[in-house]
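Please read the structure below before turning to the comments.
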Amino acid sequence: MHMARAVDTIVGDREKRFESLFHSHYWKVVRQLALLLGSEAEAEEQAQETFLRLYDSSLLERPNEEVSAWLRRVALNRGYNCLRGHRRELERLQSESRLSRPLAPDRDADPEDEALRSESTTQVRLALAKLTARQQSCLLLRYEGMSYKNIAKVLGVAPGSVGTLLARAEKAFREHYEG
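Quick note on numbering: the sequence shown equals residues 22 to 200 in the numbering used here.
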């Protein structure tokens, strides 16, 4: 009887720990993925998969800082995999000539505002796409407000090199965005 109670306590503590981590990190992970993927729905789907991996892992016993870095790293990897999948699908569709017809416009949006927003978003995405994966990650993590120390953990680099990586990423982004 005592063994069953002990198991229930351990399982309950694990559930509480997961719930706490989920509530404190979920929307940060979603924002990071939405910036990368450009779709909040896709970002939420990938964030849910990331948290499922956390739940199935042994990381729940680790300190919050380690779990946070792990979540960001796994989320970025899932996001990059998702982008690769989208790129392959787009290439497949283009090769089949299914993209020859224009997409239907949003009837409720102001056409001028929509055009400006779309152009700006496209420029940002194109500039980001020209950066290396490490530069993209560095910019997105910093944009999210992550400290240099935590960026270093997520990227697996020395904390002292984050400033240099970030400066190079910002310079490359500016060149691609303005160029």
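Beta carbons are placed, not taken as given, at the ideal position from N, Cα and C, and that holds for glycine.
Exercise for the section: State the DSSP-derived secondary structure class of residue 153, mapped to helix, strand or coil. Expected result: Residue state, collapsed to three classes: coil.
Problem - Beta-carbon proximity check, residue 97 vs residue 187, cutoff 9 angstroms - result: no
Problem - Classification of residue 68 by the beta-carbon crowding that lies within 10 angstroms, buried from 16 upward - result: The Cβ neighbour count for residue 68, taken over all protein chains shown within 10 Å, is at least 16; the residue is labelled buried.
Exercise for the section: Out of 200, 159, 177, 175, point me to the one whose CA is closest to residue 184's CA. Expected result: 159
Handout entry: alpha helix (DSSP H) segments (min. 4 residues) lying fully within the stretch 167–192
Key = 169–176
Handout entry: Every unbroken beta strand (DSSP E) within the stretch 65–100, with a cutoff of 3 residues, ordered by chain
Key = Taking only runs of at least 3 residues, no beta strand (DSSP E) segment lies wholly in the stretch 65–100.
Exercise for the section: Report back the beta-carbon spacing between residue 76 and residue 148 to the nearest angstrom; my notes put them in contact at under 8 angstroms. Expected result: With a Cβ gap of about 36 angstroms, residue 76 and residue 148 do not count as contacting.
Problem - Option in 52, 174, 180, 47 with minimal Cα separation from residue 73 - result: 47
Practice task
Taking only the alpha-carbon atoms, compute the straight-line gap between residue 81 and residue 167 and give it to the nearest angstrom.
Solution key: 21 angstroms
Practice task
Could you tell me whether the Cβ atoms of residue 88 and residue 65 are closer together than 9 angstroms?
Solution key: no
Exercise for the section: Take the Cβ of residue 146 as the centre, count every other Cβ of all protein chains shown within 10 Å, and call the residue buried at 16 or more, exposed below. Expected result: It counts as exposed.
Handout entry: Environment of residue 143 [buried if 16+ CB atoms lie within 10 Å]
Key = exposed
Practice task
Classify residue 170 as buried or exposed, calling it buried when 16 or more other Cβ atoms lie within 10 Å of its own Cβ.
Solution key: exposed
Practice task
List the whole-angstrom C-beta distance separating residue 106 from residue 58, where the pair is believed to meet the contact cut-off of C-beta under 8 angstroms.
Solution key: About 11 angstroms separates the two Cβ atoms, so there is no contact after all.
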